[in-house]
Amino acid sequence: MAESGESIKINEDASAFAARLIREEHVIADGKGVWSKDRPSAEEENQFIRLHGFGEYAKWHLGIDERYGANTKRRYKFPYGDFKNVHRCGLLAARSRARQYKYSDIDDAAARLIELIRQRK
Numbered sequence: 018m019a020e021s022g023e024s025i026k027i028n029e030d031a032s033a034f035a036a037r038l039i040r041e042e043h044v045i046a047d048g049k050g051v052w053s054k055d056r057p058s059a060e061e062e063n064q065f066i067r068l069h070g071f072g073e074y075a076k077w078h079l080g081i082d083e084r085y086g087a088n089t090k091r092r093y094k095f096p097y098g099d100f101k102n103v104h105r106c107g108l109l110a111a112r113s114r115a116r117q118y119k120y121s122d123i124d125d126a127a128a129r130l131i132e133l134i135r136q137r138k
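Under the numbering used here, think of the first position of the sequence shown as 18, with each following residue one higher.
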């Protein structure tokens, strides 16, 4: 991911949506390294967009790349769930990638959400 750090911003709506889902127990508290298995496939993403639109799709991504239009999948970065549940592994992956590319706002948001999952146990 070689995007400019200035073009990717925190998606505050997605962070708030994820926190609400966690509080409502829509969470899979899985471990590190399983996100590649758990994350939605391209076809599942396309089906979700067909049924619910890009506004709902955006809520499942902690980052927004402002270089791309609102009705494009490329605009939405750092997915964290499967369109039903927040996945801890998705948040761990998002946090790792955010740290790697120095997106501190996204790293912080993922860390807060991971802590919310930990606290609910």
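Where a beta carbon is used, it is the ideal one built from N, C-alpha and C, also for glycine.
Just so it is clear, the structure is predicted and the values come from calculations on it, not from any experiment.
Quick one: what's got a C-beta closer than 8 Å to residue i's C-beta in the same chain, skipping five residues either side?
i	result
S121	A115
Measuring CB to CB, does residue i end up less than 8 Å from residue j?
i	j	result
R105	D47	yes
R56	G107	yes
L109	K54	no
V44	I134	yes
I39	R129	no
G80	N28	yes
Distance, Cα to Cα, residue i vs residue j?
i	j	result
K26	D82	6 Å
F95	H69	19 Å
T89	S32	20 Å
A19	Y93	The predicted model places A19 with a pLDDT of 41, which falls under 50 and marks its position as unreliable; any figure quoted below should be read in that light. Their Cα atoms are separated by approximately 15 Å.
Smallest Cα separation from residue i: which of the options?
i	options	result
S24	A110, R84, S113 and R135	R84
R112	D124, Y118 and K119	D124
E62	E41, G86, Y97 and I45	Y97
E73	R91, F34 and R40	F34
R14	K101, H78, V103 and N102	Nothing about residue 14 can be read from this structure; the chain reaches only from 18 to 138.
Which same chain residues end up closer than 6 Å to residue i when comparing Cβ atoms and leaving out the 5 residues on each side of it in sequence?
i	result
D99	P57
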